[in-house]
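Chains A, B, C and D are the protein sequences, given in the same order. The first sequence: position 240 = 240 (my numbering), numbered continuously. Take the position in the second sequence, starting the count at 1, then add 1000; the result is the number in my numbering. Take the position in the third sequence, starting the count at 1, then add 2000; the result is the number in my numbering. Take the position in the fourth sequence, starting the count at 1, then add 3000; the result is the number in my numbering.
There are 4 protein chains.
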Amino acid sequence: MSGSTFGTLFRVTNFGESHGPAIGCVIDGCPPGMELSEADIQPELDRRRPGTSRHVTQRNEADAVEILSGVYEGKTTGTPIALLIRNTDQRSKDYGNILQTFRPGHADYTYWHKYGIRDPRGGGRSSARLTAPTVAAGAVARKWLQQKFGTTFVGHMTQLGEIAVPFESLEHIPNNPFFAANATDIPRLEAYMDELRKAGDSCGARIDVAARNVPAGLGEPLYDRLDADIAHAMMGLNAVKGVEIGAGFASIAQRGTVHGDELSPEGFRSNNAGGVLGGISTGQDITVSIAIKPTSSIRSPRQSIDLQGQPATVETFGRHDPCVGIRATPIAEALLALVLMDHALRHRAQCGDVRVEPGPIPGQA
Amino acid sequence: MSGSTFGTLFRVTNFGESHGPAIGCVIDGCPPGMELSEADIQPELDRRRPGTSRHVTQRNEADAVEILSGVYEGKTTGTPIALLIRNTDQRSKDYGNILQTFRPGHADYTYWHKYGIRDPRGGGRSSARLTAPTVAAGAVARKWLQQKFGTTFVGHMTQLGEIAVPFESLEHIPNNPFFAANATDIPRLEAYMDELRKAGDSCGARIDVAARNVPAGLGEPLYDRLDADIAHAMMGLNAVKGVEIGAGFASIAQRGTVHGDELSPEGFRSNNAGGVLGGISTGQDITVSIAIKPTSSIRSPRQSIDLQGQPATVETFGRHDPCVGIRATPIAEALLALVLMDHALRHRAQCGDVRVEPGPIPGQA
Amino acid sequence: MSGSTFGTLFRVTNFGESHGPAIGCVIDGCPPGMELSEADIQPELDRRRPGTSRHVTQRNEADAVEILSGVYEGKTTGTPIALLIRNTDQRSKDYGNILQTFRPGHADYTYWHKYGIRDPRGGGRSSARLTAPTVAAGAVARKWLQQKFGTTFVGHMTQLGEIAVPFESLEHIPNNPFFAANATDIPRLEAYMDELRKAGDSCGARIDVAARNVPAGLGEPLYDRLDADIAHAMMGLNAVKGVEIGAGFASIAQRGTVHGDELSPEGFRSNNAGGVLGGISTGQDITVSIAIKPTSSIRSPRQSIDLQGQPATVETFGRHDPCVGIRATPIAEALLALVLMDHALRHRAQCGDVRVEPGPIPGQA
Amino acid sequence: MSGSTFGTLFRVTNFGESHGPAIGCVIDGCPPGMELSEADIQPELDRRRPGTSRHVTQRNEADAVEILSGVYEGKTTGTPIALLIRNTDQRSKDYGNILQTFRPGHADYTYWHKYGIRDPRGGGRSSARLTAPTVAAGAVARKWLQQKFGTTFVGHMTQLGEIAVPFESLEHIPNNPFFAANATDIPRLEAYMDELRKAGDSCGARIDVAARNVPAGLGEPLYDRLDADIAHAMMGLNAVKGVEIGAGFASIAQRGTVHGDELSPEGFRSNNAGGVLGGISTGQDITVSIAIKPTSSIRSPRQSIDLQGQPATVETFGRHDPCVGIRATPIAEALLALVLMDHALRHRAQCGDVRVEPGPIPGQA
């Protein structure tokens, strides 16, 4: 059972390969009556787009999105919204050498084992290029959540390889190629990346992402808790190896007297929970942190095997991001938005519309 | 849309409250023809059972499981397997005080906000007691995976509060109350727990869990990657705040030349991937690590609010685990088994039976 | 992928075998805050119950339902509602002869082919006894729909074998063993059934079922139209071979000028549509008609084969309904209620709460 | 929860509006390694295509399909197959008048009630044009089923309005504009249609469709029986008001001694079951019959209301099929193929690959 649909009620079905004719997605379940055009989606795609600095892949894709359905006279109609992005800068010759060998750290080996066939052009289906439709769908979710609840999303890089990136201000994020909330350390990060690139190597990154103005009550225990679905979304993003909510791994060494967030009439006094208790949103910020592994496509020669199981040396040329984490921030924001959107609809299916205003809670039906 | 079903093809629907008449689950999709009786399930429930040492809740529950359906003359028939566990040691009077206040770190606040009604007896639906049916279903999955692929599961505690628990031998795990792969440090851990209990406080834990003899090819990109579904399962376990696969957060600071696991004709040379590449199993061990927060139910007084939003002090009496992580090991194993079971069925739906033997891979249909 | 769950948002997972320890279901997704007790469910089970007249099976089952979860202090909590019905009058010795042969018209042959194993006691999973949990879940749906929209359900038998049963009044339905809206013809129907029973034969039936006070707007094109889901529900009921909505097969010979229901300011002028246009409810009565085949379990000898494929003669003794259609009416009502309930929740997930009052329709979001 | 996805494991997500830029679908779950190109799909679209005779709409659409993904070097890769059909002959001016009124028998009223907004151009989402992607997806399913089991599909019209169309030979089907298995009566049918068109009226039709060489064992009780899912598919086709399997409504008046199909060592002796017993395929032909209502878009004036609820007279001009049943045959075949495809994958998920060869049945696991 193939898993190319994200979400249960706000459902995003993704299609495409890195070097096929097109990529895209179909969003089924978007509420009707919301104003929507390509102008709502394109800016998010542009944030994720390759070729925007020397620290990311030089593939040059406009990533222009076309809305094929689901919108009439500028408003969503409640029918599926199909989004199409034509691929325009495929250079498949760059990848010819990977047909006969398995690149370490890549999906080559597992796709081959699973399907008995794989599209090797640009990584085929396993390429991070397939996050573009996710970002496009996320833009639709963000708009609805913003209008309905005032929810906003903001992510930034907090570590690049060994270098921690201190928080200075959210305003810096759009002004550097790293999505860093920092201005002081940018030259150091750039030098670090330049050195890596020269060495034919790569590094990982940590991204923090948060949602603000999230209504309380989202999440569907026993199993589809909000944090569980966030973890599913984030761990499903290419190259992610770890996910934390709130205090995350630091909570192991915390005492109960410290970790449990106390309440006052003004609200919670801390947020170790990361905005989720018992799998349901508290109304606080949702805070998530993810670990992204170093890019597997590097120029340095690595040992591997070929299709016959014989030893082979692999060097990956072509255009690759030396740190895939750099472009991950808008994708992580989109994924968080998609999870919250799905849960907003799930909530109102069973319990009716989310109460935005706090206060005495009447019995429901 | 309520989320009490785990899995898509091997589907476990969980029901019950901590102090209601019974808890249990219905497993839909189990392959027919497998020998199954309560004797396959009860031992796993016994590992999770409360009251087995002074370091866990003193609630005394036999957790005796009854198979209500889906088995005929000792074999599964392919029809739903209903598992019933009667609650026998409820003492609801212990919990009367929590009706009017929200305990910090608890699901009280969010269930109230979500549903407008909550069953306060023993935490109701949010109680960790509801992991028992998950463990029972996991035992069924474990048996099938063991018979089909020889897959086994083993978890152990690797950190208790501030104390790292060094690995000594897997043989020690069943011989101490902590599921520690260690004999030397047990007295120190016991002293630590005794002190915590006296202080009316609690601590977190880290659990590592692994699956061995996992066939290559399990996982359903783009979104339902194996690692994504593992993260969903683990983050959905009560009190979990972080999940890592393979090198996890350490991979941030690794270089690509280090992280990407090289291959040789004999197999992979390392396992930073944790057995998953591109969201699909490699055939190596699946390795997962989870962070469990300190128990929220502690005797020490905490500040909170009541139903009217007024300040209130909360002290939680009753029978609680001072470290919920202690009993988490068999649950984490069960969850990992459920994910692999579901993906084994998903795989064969689309691609036919998993190839257990490696070797040249023919085209599929 | 086993199919024992009915519905997508109001999800009923059915379990059990005819002669196992128990049958039942888990309802996941019921809105919180509704008053509910066994007294809401038992009367519907009693309508379906065997042994109530000489024209149905003499199996004597109390079919007493127990609510195991999901209700606290008499109200639904939004968590799964598990319903348990213990089997109490199994006589498995009656069925020993069917182990080695396949009864014509029965599921013996197909269960054997599908699963390679089958529980032959009382038809096992394929027994119509498994409609009891469906009826129980339907009672929960009926209550919610009644309270929310005033929706009611009424079914009656309109044909018994070759005999058409003229409509006289709905008031007659509870006063005869056939669920006939008729008083005049009951003696004739009883004589017909007595004769059939003596002849060791069986007959079919037609059941009409309607829902009233259905809000407009329920149904989810493109594929999950309301009529499509009604057809799925009805054709999935044991022994059903045909389903009609509105004018049904008669619409083939109707002209467009006749069939298309005209509107006036007072509403629709006819209901050939059966309350569904474009797969969405119109607000008119939903009208459905189903064809039920004659019972396959009959005393008359039939030709068949045994497990080795050799010729065998089969005579079915034991306790069977000579017309399974007789008890189908409350089941068909329950199924229609479950479909509408599911669609009411599906509708509000995407579009917000159903507008009960007609009138000018504002844009939605 | 929007319902634009068909199937559970072979999942077809449909998008588009009659007069939008494009229509299409994404197929998720197709087994890898099957040869596939547009040439496998286009012939089925051509059978459904408008403008092929004077008895169907004169809209002139090439309906040229483009495969956007999921195929590499002529073979399916196991990743989603996106199919795109550009709309090329929209004439939206034809439909301007329906913006302010509700056409009797149409989805105008219900879409408006449900979504609060509708795309009126060509019927928008409710247009039968949206069956084209279903047919395209069906062609993929047909190819796989043909290769795997030798399964074939054949449908034909058996009644046009009041006129029964006697069966003569399947060879006639492609040689007349009605998909009739008949040569003798074609002139009479043509005259009947010409008369209807002149009268500004329309009529219904009955279509019979069958699948041959279906393996035994497909179908997922308790609820997702094969016949239930067939009924869902067929009743979900535009304008269908009734569905029968096997003997259908005629089984009401049959005796059990007649209806239940006897078995012999050579196989079943009759097929009143229509190839399904207990919701599972028997290996016999699956036989289905559907009732299609007369087209609602007719030139004759009808009474209705406008958006303000005031009386209005509606005459529908534009290009419409006077009998939508005429083009329904290839669609019904495609739907039956999609159901069987989905169930073939569902079966092997739980039970392993379908046994094609009959014979002694080993226990499964």
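By construction, the Cβ of each residue, glycine as well, lies at the ideal position given by its N, Cα and C atoms. Being a predicted model, the structure only gives us computed values, none of them experimental.
_Check whether the segment 2279 to 2291 of chain C and the segment 2210 to 2228 of chain C touch, using three or more Cβ-Cβ pairs below 8 Å as the test._
With a cut-off of 8 Å, the segment 2210 to 2228 of chain C and the segment 2279 to 2291 of chain C count as touching, because enough Cβ pairs lie within range.
_Please list the terminal residues of the continuous alpha helix (DSSP H) segment that includes B/Gly-1256._
Here the alpha helix (DSSP H) through B/Gly-1256 covers 1256 to 1259.
_Outcome for B/Pro-1174 when other beta-carbon atoms lying within 10 angstroms are tallied against a minimum of 16_ = If you draw a 10 Å sphere on the C-beta of B/Pro-1174, you find fewer than 16 other C-beta atoms in it, and that means exposed.
*Can you tell me which of B/Leu-1345, B/Ser-1053, B/Ala-1337, B/Asp-1342 puts its alpha carbon nearest to the alpha carbon of B/Val-1209?*
Of B/Leu-1345, B/Ser-1053, B/Ala-1337, B/Asp-1342, the residue nearest in Cα terms is B/Ala-1337.
*Proximal residues of chain D, C-beta to C-beta of B/Cys-1025 below 9 Å*: What B/Cys-1025 touches in chain D: nothing, since even the nearest Cβ is about 17 Å away.
*Should A/Thr-184 be labelled buried (16 or more other beta-carbon atoms within 10 Å of its own) or exposed?*
An exposed status is given to A/Thr-184, since fewer than 16 other beta-carbon atoms sit within 10 Å of its beta-carbon.
*Using the rule of at least 16 other Cβ atoms within 10 Å of the residue's Cβ for burial, across every protein chain shown, is A/Gly-3 buried or exposed?*
It counts as buried.
*Spell out the partners DSSP gives A/Gly-155 in its beta bridges.*
According to DSSP, which records beta bridges pairwise, A/Gly-155 is partnered with A/Val-209.
*At a Cβ cut of 7 Å, what residues of the segment 75 to 87 of chain A count as close to chain D, listed as they run along the chain?*
Under the 7 Å Cβ criterion, the segment 75 to 87 of chain A contributes Lys-75, Thr-77, Gly-78, Thr-79, Pro-80, Ala-82.
*Quick one: is D/Asn-3271 near chain C, going by C-beta distance under 9 Å?*
It does not: the Cβ of D/Asn-3271 has no partner Cβ on chain C nearer than 9 Å.
*asked:* Output needed in chain order: residues of the segment 1242 to 1257 of chain B with a Cβ under 7 Å from some Cβ in chain A.
replied: So the list reads Gly-1242, Val-1243, Glu-1244, Ile-1245, Gly-1246, Ala-1247, Gly-1248, Phe-1249, Ser-1251, Ile-1252, Ala-1253, Gln-1254, Arg-1255, Gly-1256, Thr-1257, given in the order they occur along the chain.
*Extent of the continuous beta strand (DSSP E) run through C/Phe-2015*: Counting along the chain, the unbroken beta strand (DSSP E) around C/Phe-2015 starts and ends at 2011 to 2016.
_Three-way DSSP call (helix, strand, coil) for C/Cys-2351 in this model_ = In this structure, C/Cys-2351 counts as helix in the three-state DSSP scheme.
_Through-space distance from C/Tyr-2109 to B/Thr-1077, alpha-carbon basis_ = Whole-angstrom Cα-Cα distance: 14 Å.
*Just grab the DSSP bridge partners of D/Phe-3006 for me.*
Beta-bridge pairing links D/Phe-3006 to D/Val-3012.
*Check each residue of the segment 3061 to 3075 of chain D: if its Cβ is closer than 9 Å to any Cβ of chain A, include it; give the result in chain order.*
Correct list: Glu-3066, Ile-3067, Leu-3068, Ser-3069, Gly-3070, Val-3071, Tyr-3072, Glu-3073, Lys-3075.
_With H, G and I counted as helix, E and B as strand and the rest as coil, what does DSSP make of B/Gly-1267?_
Judged by DSSP in its simplified three-state form, B/Gly-1267 adopts strand.
_Within-9 Å CB hit, C/Leu-2345 to chain A_ = Yes - at least one Cβ of chain A is within 9 Å of the one on C/Leu-2345.
*If you count every other CB in all the chains shown that lies within 10 Å of the CB of C/Asn-2176, and 16 or more means buried, which is it?*
With 16 or more Cβ atoms within 10 Å of its Cβ, C/Asn-2176 is classed as buried.
*So A/Thr-13 packs on A/Val-26, CB below 8 Å; how close in whole Å?*
Their Cβ separation, rounded to whole angstroms, is 5 Å, which keeps A/Thr-13 and A/Val-26 in contact under 8 Å.
*Any beta-carbon of chain D closer than 9 Å to the one on C/Ile-2326?*
Not one beta carbon of chain D lies nearer than 9 Å to the beta carbon of C/Ile-2326.
*Whose Cβ in chain C lies nearer than 8 Å to the Cβ of B/Leu-1036?*
None at all; the shortest Cβ gap to chain C is about 12 Å.
*asked:* By alpha-carbon positions, which one of D/Val-3214, D/Gly-3242, D/Asn-3238, D/Leu-3226 ends up nearest to D/Gln-3284?
replied: The option with the nearest alpha carbon to D/Gln-3284 is D/Val-3214.
_Please report the distance separating the alpha-carbon of A/Leu-83 from that of B/Ala-1022._
Looking at the two C-alpha atoms, the distance is approximately 48 Å.
*Between the beta-carbon of C/Glu-2162 and the beta-carbon of C/Cys-2203, is there less than 9 Å?*
By the CB criterion at 9 Å, C/Glu-2162 and C/Cys-2203 fall inside the cutoff.
*Please report the residue range of the alpha helix (DSSP H) in which B/Gln-1146 lies.*
Counting along the chain, the alpha helix (DSSP H) containing B/Gln-1146 begins and ends at 1131 to 1149.
*B/Gly-1020 and C/Leu-2068 look like a contact to me (Cβ under 8 Å); what is the Cβ gap, rounded to whole Å?*
Taking C-beta atoms under 8 Å as the contact rule, B/Gly-1020 and C/Leu-2068 qualify, at a distance of about 7 Å.
*Consider the Cβ of B/Leu-1222: report whether some Cβ of chain D lies at a distance smaller than 9 Å.*
B/Leu-1222 counts as touching chain D.
_Close beta carbons around A/Ala-228, own chain, < 7 Å, minus the five adjacent residues each side_ = Closer than 7 Å at the Cβ level, and outside the excluded window around A/Ala-228, lie Gly-279.
_Please identify the residue among B/Gly-1116, B/Gly-1074, B/Ala-1128, B/Tyr-1111 whose C-alpha is closest to the C-alpha of C/Ile-2117._
For C/Ile-2117, the closest of B/Gly-1116, B/Gly-1074, B/Ala-1128, B/Tyr-1111 by C-alpha to C-alpha distance is B/Gly-1074.
*Between D/Gly-3116 and chain F, is there a C-beta pair that is closer than 9 Å?*
The structure shown contains no chain F; its protein chains are A, B, C and D.
*Going along the chain, which residues of its own chain have a beta-carbon closer than 8 Å to the beta-carbon of A/Pro-104, five neighbours each way excluded?*
Around A/Pro-104: Ser-296, Arg-302, Gln-303, Ser-304, Val-314.
*Any idea if A/Gly-267 is buried or exposed, counting beta-carbon neighbours within 10 angstroms, 16 or more meaning buried?*
By the neighbour-count rule (16 or more Cβ atoms within 10 Å), A/Gly-267 is not buried but exposed.
*asked:* Taking only three categories from DSSP, how would you classify D/Ala-3107?
replied: Coil.
*Run through DSSP, which three-state label would B/Asp-1224 get?*
Per DSSP, reduced to three states, the secondary structure at B/Asp-1224 is strand.
_Please report the distance separating the alpha-carbon of D/Ile-3085 from that of D/His-3347._
Spanning the alpha carbons of D/Ile-3085 and D/His-3347 requires a straight line of approximately 32 Å.
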